[in-house]
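Here's the structure we're looking at; comments come further down.
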Amino acid sequence: MLGLSFGFCEIALRVFNAVSPSFIFYSGDYDRNRAQAGSKFYGFEVNSQGFLDVEFGEKKEGVKRVLALGDSFAFGVVPYEGNFLTLAEEILNAEGQRIEILNMGIPSTRPEDYLALLLAEGLALEPDAVRVSFFMGNDLTPSRRAWVDYAHVGSLLMHFVGSFKQEQGQVYFGDGKYCDDCPSFDEETYLEIEADRSRLFLGEERLKRSMEATALYIEEMKDICEGLDIELSVALCPDEFQVDEALRRRVRDVHFPGLPLEAWDVEKPNQELVRALERMGIEVLDLLELFQAGEERLYKKNDSHWNLAGNRLAGEAVAKFISSE
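Per the numbering used here, the sequence shown starts with residue 5, numbered consecutively.
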């Protein structure tokens, strides 16, 4: 009887998701986490294509069009006006350059999704350049899902369990007021997230496998852009674990007691990826050193995404990087 009920619920949820897709249920499609067109994100209306940006109009003569691909780092967790891509565009135009940066960030996407989005939607926008925001926290690691994620009933239950563990201040759509100091996760949950990501900085073999898989997607993007005379560059966005030694100590004390901090080589993945991209002839902006040198808090509390100060720092660096090309 229990199995029959589970089966009925699973079928019902799959039919519902087919009619009205929800981010709650697993899908290999990058659309799974795309924002709903016309919805609000801290009062800013998402455009008709489901991106956190103004409408993408016809390409204007004399205006350089830059396509910005990425995950939640590109989409951002701060209001639209404080997003680093918005700020970079403002800085460049204030300097007299005629440029538009189309923010096509979609949360919880990965390099394979950036390639798919470029092919399915990006090229039709006739970009002069493509900039990929590459999050070092998980873009180098393959997506791992438990069996429960593939069952719609399981996904729904896990969503409700997770919603009780998170605190106020998380990313959401609506007219709510943004809080730069509010934590996105409780301490226990955030340390679990960072402990899982930290394993990338421990093993040579793990890093090698991740690098090889990632390089395939980026190289394909490079070949496509090169064939169409489109500039391609990559910005490496560091995880807070790479930037904050205090966070590494908290993770070590809870999840890896006795492990020396030196066991984590937090700079190696960046170094390896920069070398791989440069061998492909791709220009790279590595933000790790800049963020490590920051004197103020650059990430939201218990959240690996940049706060307003982090977005300002990244926006200035991205603008400078584009100007130097």
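Virtual Cβ for every residue (Gly too), placed ideally from N, Cα, C.
Here the structure is a predicted model, which is why all the values come from computation and not from measurement.
Quiz prompt | Test item: CB-CB of residue 288 and residue 294 under 7 Å | solution = Position 284 of the sequence shown, counted from the start, is the residue given in the question as residue 288. Position 290 of the sequence shown, counted from the start, is the residue given in the question as residue 294. Cβ distance not < 7 Å, so residue 288 and residue 294 don't count as in contact.
Self-check item: For residue 229, the three-state DSSP class (helix, strand or coil)
Solution: Locating residue 229 in the sequence shown gives position 225, counting from the first residue. Residue 229 falls in the helix class under three-state DSSP.
Quiz prompt | Cβ-Cβ distance between residue 87 and residue 306 below 7 Å | solution = The residue given as residue 87 occupies position 83 in the sequence shown. The residue given as residue 306 occupies position 302 in the sequence shown. The answer is no: Cβ separation not under 7 Å.
Practice problem: Say whether the segment 111 to 130 touches the segment 88 to 95, bearing in mind that this needs 3 or more beta-carbon pairs closer than 8 Å, one atom from each stretch. | Solution: no
Quiz item: If you draw a straight line from the alpha carbon of residue 150 to that of residue 197, how long is it in whole angstroms?
Solution: Counting from 1 along the sequence shown, the entry for residue 150 is found at position 146. Counting from 1 along the sequence shown, the entry for residue 197 is found at position 193. Below a pLDDT of 50, predicted positions are generally treated as unreliable, and residue 150, at 42, falls in that range; no measurement from the model is reported.
Practice problem: Going by CA-CA distance only, name the one from 248, 222, 205 that's closest to residue 286. | Solution: To locate residue 286, count along the sequence shown from 1; it is residue 282. It is 222 whose Cα lies nearest to the Cα of residue 286.
Quiz item: Is residue 126 helix, strand or coil when you go by DSSP?
Solution: Within the sequence shown, the letter at position 122 stands for residue 126. The answer is helix: DSSP assigns residue 126 an H, G or I state.
Exercise. Less than 8 Å between the CB atoms is what I'm expecting for residue 201 and residue 142, so what's the real figure, rounded?
Key: Reading the sequence shown from its first residue, position 197 is the one you call residue 201. Reading the sequence shown from its first residue, position 138 is the one you call residue 142. Right, their Cβ atoms sit about 6 Å apart.
Exercise. Please classify residue 214: does DSSP put it in a helix, a strand, or coil?
Key: Within the sequence shown, the letter at position 210 stands for residue 214. Correct three-state label for residue 214: helix.
Quiz item: Relative to the alpha-carbon of residue 80, which residue among 59, 42, 184 has its alpha-carbon at the smallest distance?
Solution: Within the sequence shown, residue 80 is the residue found at index 76, counting from 1. Of the listed residues, the one whose Cα sits closest to residue 80 is 184.
Quiz item: Taking only runs of the alpha helix (DSSP H) that begin and end inside the segment 276 to 311, which ones reach a length of at least 4 residues, in chain order?
Solution: 292 to 296
Quiz prompt | residue 276 to residue 195 span [Cα, whole Å] | solution = Mapped onto the sequence shown, residue 276 falls at position 272. Mapped onto the sequence shown, residue 195 falls at position 191. C-alpha separation (whole angstroms): 26 Å.
Quiz item: For residue 112 versus residue 37, is the C-beta distance shorter than 7 Å?
Solution: As a working note, residue 112 is residue 108 in the sequence shown. As a working note, residue 37 is residue 33 in the sequence shown. Contact flag set, yes.
Quiz item: Which residue from 178, 220, 140 puts its Cα closest to that of residue 203?
Solution: Translated into the one-based positions of the sequence shown, residue 203 becomes position 199. Closest option to residue 203, Cα to Cα, is 140.
Quiz item: residue 122: buried (16+ other C-beta within 10 angstroms of its C-beta) or exposed?
Solution: As a working mapping, residue 122 is identified with position 118 in the sequence shown. Flag for residue 122 reads buried.
Quiz item: Just the Cα atoms here: how many angstroms apart are residue 192 and residue 84?
Solution: Position 188 of the sequence shown, counted from the first residue, corresponds to residue 192. Position 80 of the sequence shown, counted from the first residue, corresponds to residue 84. Cα to Cα, the separation comes out at about 29 Å.
Quiz item: Nearest to residue 130 by CA position, among 303, 205, 60, is which residue?
Solution: If you number the sequence shown from 1, residue 130 lands on position 126. Comparing Cα-Cα distances from residue 130 to each of 303, 205, 60, the minimum goes to 60.
Quiz item: In chain order, what residues of the same chain lie with their CB nearer than 7 Å to the CB of residue 168, ignoring the 5 residues before and after it?
Solution: Translated into positions along the sequence shown, residue 168 becomes position 164. Any reading at residue 168 is ruled out, since the residue's pLDDT is 38, under 50, leaving its predicted position unreliable.
Quiz prompt | Contact set for residue 229: own chain, Cβ-Cβ below 6 Å, skip 5 residues either direction | solution = Within the sequence shown, numbered from 1, the residue matching residue 229 stands at position 225. So the qualifying residues of the chain are 134, 236.
Exercise. Ignore the nearest five residues each way along the sequence and tell me which others in residue 240's own chain have a CB closer than 8 Å to its CB.
Key: The count along the sequence shown starts at 1 and reaches residue 240 at position 236. Closer than 8 Å at Cβ, skipping near neighbours: 138, 140, 274, 277, 278, 288, 289, 290, 291, 292.
Quiz item: What is the DSSP secondary structure of residue 104, reduced to helix, strand or coil?
Solution: For the purposes of this step, residue 104 is identified with residue 100 of the sequence shown, where counting begins at 1. Residue 104 falls in the strand class under three-state DSSP.
Practice problem: Could you check the C-alpha separation between residue 317 and residue 125 for me, to the nearest Å? | Solution: Here residue 317 refers to the residue found at position 313 of the sequence shown. Here residue 125 refers to the residue found at position 121 of the sequence shown. Residue 317 and residue 125: Cα-Cα distance of roughly 29 Å.
Self-check item: Coarse secondary structure for residue 73, derived from DSSP in three states
Solution: By 1-based counting over the sequence shown, the position of residue 73 is 69. Note: residue 73 maps to strand in three-state DSSP.
Quiz item: Mind checking residue 300: buried by the 16 CB within 10 Å criterion, or exposed?
Solution: For the purposes of this step, residue 300 is taken as the residue at position 296 of the sequence shown. Classification for residue 300: exposed.
Quiz item: Rounded to a whole number of angstroms, what is the C-alpha to C-alpha distance between residue 76 and residue 120?
Solution: Numbered from 1 along the sequence shown, position 72 holds the residue referred to as residue 76. Numbered from 1 along the sequence shown, position 116 holds the residue referred to as residue 120. If I take the Cα positions, the gap works out to 17 Å.
Self-check item: residue 56 in three-state terms, based on DSSP
Solution: Indexing the sequence shown from 1 puts residue 56 at position 52. Looking at residue 56 - three-state DSSP - the assignment turns out to be coil, as it is neither helix nor strand.
Quiz prompt | residue 135: first and last residue of the uninterrupted beta strand (DSSP E) it sits in | solution = Translated into the one-based positions of the sequence shown, residue 135 becomes position 131. 133 to 139 is the span of the beta strand (DSSP E), which, as asked, contains residue 135.
Quiz prompt | Cβ-Cβ distance between residue 70 and residue 110 below 7 Å | solution = Sequence index remark: in the sequence shown, residue 70 carries index 66 (1-based). Sequence index remark: in the sequence shown, residue 110 carries index 106 (1-based). Contact flag unset, no.
Exercise. Determine the burial state of residue 74: buried for a count of at least 16 other Cβ atoms within 10 Å of its Cβ, exposed for fewer.
Key: Within the sequence shown, residue 74 is the residue found at index 70, counting from 1. By the neighbour-count rule (16 or more Cβ atoms within 10 Å), residue 74 is buried.
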